[in-house]
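Numbering (the UniProt record's numbering), first residue to last: 1 to 210.
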């Protein structure tokens, strides 16, 4: 994150009591340093990263010890850099990434989406946490604009978007799209996925002919 993005995140954290983040890292350290936050949940698909980089941090160790911070490590199969699945063999497991915080009865007032399956995470926020402030990092990526069907863009600091639930959106459309994006770790649009699948299918057919 840029300095301006970190400053804006600090401000949001200073107003929060129950914080949820998708994707751990420096944001986890920042949250752990805010004593006003009573509950911190961090969803991370790469357990090795968290254990080697974050578990050795004294601020995080303290928050883990006092029970404020809890990491959630959803099993989405083997992962590579940045927590992306290595392949699609375990795609039946992928929905657990966005859904796992909802197995726990808590209502975050602040949600940072900076991991995988970002569109799915944003749709769930709109459906289940209407009063939460939603922060989405890397908002310059065109694949994320679909979020504005359900969330209102309040502010943008560099590539950090601050969003809130729209007062009027189609829940049926949100649920329809959720089913698709729960299986899209890179947040590829439906049309792009369709083109890729057709291209792969054509390549396979050409190979079979040879």
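Each residue gets a CB set at the ideal place from its N, CA and C atoms; glycine is no exception.
Asked: Residue 59 to residue 30 span [Cα, whole Å]; Found: 9 Å
Asked: Inter-stretch contact (C-beta, 8 Å, three-pair minimum) for the stretch 65-75 and the stretch 132-149; Found: no
Asked: Runs of beta strand (DSSP E) wholly within the stretch 89-120 (minimum 3 residues, chain order); Found: 110-113
Asked: Residue 19 - partner residues in DSSP beta bridges; Found: 40 and 110
Asked: Start and end residues, beta strand (DSSP E) containing residue 70; Found: 69-72
Asked: Which of helix, strand or coil DSSP assigns to residue 162; Found: strand
Asked: Limits of the unbroken alpha helix (DSSP H) element including residue 175; Found: 171-181
Asked: Own chain, CB closer than 7 Å to residue 205, minus 5 neighbours either side, in chain order; Found: Here the model assigns residue 205 a pLDDT of 46, short of 50, so the residue's position is not dependable and the matter cannot be decided.
Asked: Candidates 72, 34, 118 and 187, of which the one nearest residue 49 by Cα; Found: 72
Asked: Chain-order list of residues whose beta-carbon lies under 6 Å from that of residue 20 (same chain, five-residue window excluded); Found: 41, 101, 108 and 111
Asked: Where residue 204 sits in the DSSP three-state scheme; Found: In this prediction, residue 204 has a pLDDT of 39, which is less than 50 and means its spatial position is unreliable; what the coordinates show is noted afterwards. The answer is helix: DSSP assigns residue 204 an H, G or I state.
Asked: Burial state of residue 185 (16 or more Cβ within 10 Å); Found: buried
Asked: 6 Å Cβ shell around residue 84 - same chain, five flanking residues per side excluded; Found: 185
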